[in-house]
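Residue 611 in our numbering sits at position 9 of the sequence shown, with consecutive numbering throughout.
The beta carbon of each residue, even a glycine, is placed where N, CA and C say it ideally should be.
Quick notes on the structure that follows.
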Amino acid sequence: MVKISKVHGKGGYLIIEGIGVVDQLHGWSLSFSRDIVDTPQQGEEYKDSVRGQGSWSGSFSAYYDRANVGKFYDVVNSTTEKDVYLYPEKSDLTKYFYGDAWCDFDLDVPVDGAIDISGTLTGVGQLHESGF
């Protein structure tokens, strides 16, 4: 039996052009997919489909950092997409995903908890990987 190594998420790391390392990060996610287009034919009992264009997106959340709020604001209002680097493990910086993305951010200020900043990344073009 092959033993599969498990990796704890505590070492995740995120860099966004214009912000740098996202400080106080407590999670990020990444999704990549391809469109699936139905191609049904008359007379057939089941539909066929073909794969189409790819896309990717991501999200993250971090604790509020007063020093970076202006940087987040500038990134959202930029007229160009930003370089994004996502590292699953800070202890192994040779393995990462990267691409260009539009960035949006939300600020959550609850009366009974820590202030959070969260963001969404909408990929522009291909998502690349390195070292996997």
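| Check | Outcome |
| --- | --- |
| Candidates Val-609, Gly-725 and Ser-732: closest to Phe-634 by CA position | Gly-725 |
| In DSSP terms, what Glu-619 is bridged to | DSSP lists no partner for Glu-619. |
| Residues bridged to Asp-650 [DSSP beta-bridge criterion] | Note: Asp-650 sits in no beta bridge, so no partner. |
| DSSP-derived helix/strand/coil call for Lys-594 | There is simply no residue 594 to check, as the chain begins at 603 and stops at 734 in what is shown. |
| Cβ neighbours of Ile-618 in the same chain (closer than 6 Å, five flanking residues each side left out) | Lys-684 and Val-686 |
| CB contact flag (Gly-613, Lys-673, <8 Å) | no |
| Where the beta strand (DSSP E) containing Val-711 begins and where it ends | Note, Val-711: premise wrong, no beta strand (DSSP E); not H, not E. |
| Supposed close pair Ser-659, Thr-722 - CB separation, criterion 8 Å | 7 Å |
| Reference Phe-734; option with closest CA among Leu-688, Gly-654, Asp-708 and Ser-720 | Leu-688 |
| Cβ neighbour criterion (16 or more within 10 Å) applied to Tyr-698 | buried |
| Three-state secondary structure assigned by DSSP to Gly-672 | helix |
| Cβ-based burial, Ala-664 [other Cβ within 10 Å; buried from 16] | buried |
| One or two residues paired with Thr-724 in a DSSP bridge | Ser-659 and Trp-704 |
| Which of helix, strand or coil DSSP assigns to Gly-645 | coil |
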